[in-house]
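Trainee: After the structure tokens below, expect a handful of questions from me.
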Amino acid sequence: MLKLREHARYYVHAAGVIAPGGRAWLLTGESGCGKSTLTYALARGGWPVLGDDGVVLERGSQGVTVHGWREPLRVSIELAAWFPELSQRKSLVDWQDERHRVDVYAAFAKRATIGGVIVLERGERDVLCPLPPTAALAMLVRQSAFLLLTDDHAGSHLALLRDLVECVPCFRLVHTSAQLSSVHATILQASP
Amino acid sequence: MTRYRIVPDALSASLSDGAVLLQLYTKRYFSLNETGSRIWSLLEQQATDEEIIDALVREYDVEKPEAARAVNQLLDDLVAERLIETTSV
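Residue numbers (the numbering used here), protein chains in the order written: chain A, -5 to 186; chain B, 1437 to 1525.
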């Protein structure tokens, strides 16, 4: 991670998916907010995945580029009620894991320009609302563990996150299990 | 009258609706609203507390006592969080 930062590439705890049209969406939020679950739901609909728990950001010619961080996509076996194909992977579940996750297949992509940021939060009803830039930046700071290192790169790291939230639309998505089947439409609705 | 300086371990990012501050030594971060962000930009220009209060009275619909209370509270918080420190005027 530190070597990446020396090369102006910055790891962030977020998922990345590519929407039809080629722009990436960054899905971020606290652990357990549904990043992997919704990433898998999007992947099942044909959206290429850049990562479900971490991606790398870099300043690009057309904005901020997100690079894939290729680790196996892992989702809870409890999602088999919505995604029947998971039932076939029951023997591969990590039962020591409190979320009972299993590795699943997804089509990975290498990189894309970011088109938007969504902060995820589980809730009682589905609400998508614009997120002010300062709130979006605060969340990205919170999810960027390597930002607060006392080296010469913290300023440029923070500047990239600031430029990101100022140049793309940012939203908060409070979601229920209904999004497992409708998250594609939700994100397309948010697309500029 | 007190003048402040931003400590070397503090980083800031100004946005259209506020600012985010980082304290690299304590590993803490903070959000400021639009008014707080304006106060921070005056601190970057090495304004004194009185100059900051006067600026807010000029720029916002606020009386001086209320502005002074808000500015002094924020300055105290910023000092407590080691984002700024006092310096001789």
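Each residue gets a CB set at the ideal place from its N, CA and C atoms; glycine is no exception.
Taking the beta strand (DSSP E) that A/Val111 belongs to, which residues open and close that run?
Mentor: It spans Arg105 to Arg116 - the beta strand (DSSP E) in which A/Val111 sits, taken as one unbroken run.
Trainee: Check this for me: beta carbons of B/Arg1441 and B/Gln1482, under 9 Å apart or not?
Mentor: Closer than 9 Å, so yes.
Trainee: Using a Cβ-Cβ distance cut-off of 9 Å, determine whether A/Glu160 contacts chain B.
Mentor: True, the Cβ-Cβ gap to chain B drops below 9 Å.
Trainee: Looking at the unbroken beta strand (DSSP E) that takes in A/Tyr34, where does it start and where does it end?
Mentor: Element bounds for A/Tyr34: not the beta strand (DSSP E) but the alpha helix (DSSP H), Lys29 to Arg38.
Trainee: When you compare only the Cα positions, how much space is there between B/Thr1471 and B/Asp1513?
Mentor: In a straight line, the C-alpha of B/Thr1471 is about 15 Å away from that of B/Asp1513.
Trainee: Span of the alpha helix (DSSP H) holding B/Pro1501?
Mentor: Unbroken alpha helix (DSSP H) run through B/Pro1501: Lys1500 to Ala1516.
Trainee: Taking Cβ to Cβ, would you say A/Leu67 is nearer than 9 Å to A/Ser25?
Mentor: No, Cβ-Cβ distance for A/Leu67 and A/Ser25 is not below 9 Å.
Trainee: What's the C-alpha gap between A/Leu32 and A/Leu174?
Mentor: In a straight line, the C-alpha of A/Leu32 is about 6 Å away from that of A/Leu174.
Trainee: Kindly give me the distance between the Cβ atoms of A/Ala100 and A/Ile12, rounded to whole angstroms, as I take these residues to be in contact under 8 Å.
Mentor: About 11 Å separates the two Cβ atoms, so there is no contact after all.
Trainee: Among the residues of its own chain, which have a CB less than 8 Å from the CB of B/Leu1492, if the five just before and after it don't count?
Mentor: Excluding sequence neighbours, B/Leu1492 sits near Thr1471, Arg1474, Ile1475, Val1498, Ala1503, Ala1506 and Val1507.
Trainee: Determine the DSSP secondary structure at A/Ala101, reduced to helix, strand or coil.
Mentor: The answer is coil: DSSP assigns A/Ala101 none of H, G, I, E or B.
Trainee: Between B/Asn1469 and chain A, is the shortest Cβ-Cβ distance under 9 Å, so that the two count as touching?
Mentor: Output row for B/Asn1469: interface = yes.
Trainee: Given a threshold of 16 other Cβ atoms within 10 Å of its Cβ, counted over all protein chains shown, does A/Cys161 qualify as buried or as exposed?
Mentor: Looking at its Cβ environment, which holds fewer than 16 other Cβ atoms inside 10 Å, A/Cys161 is exposed.
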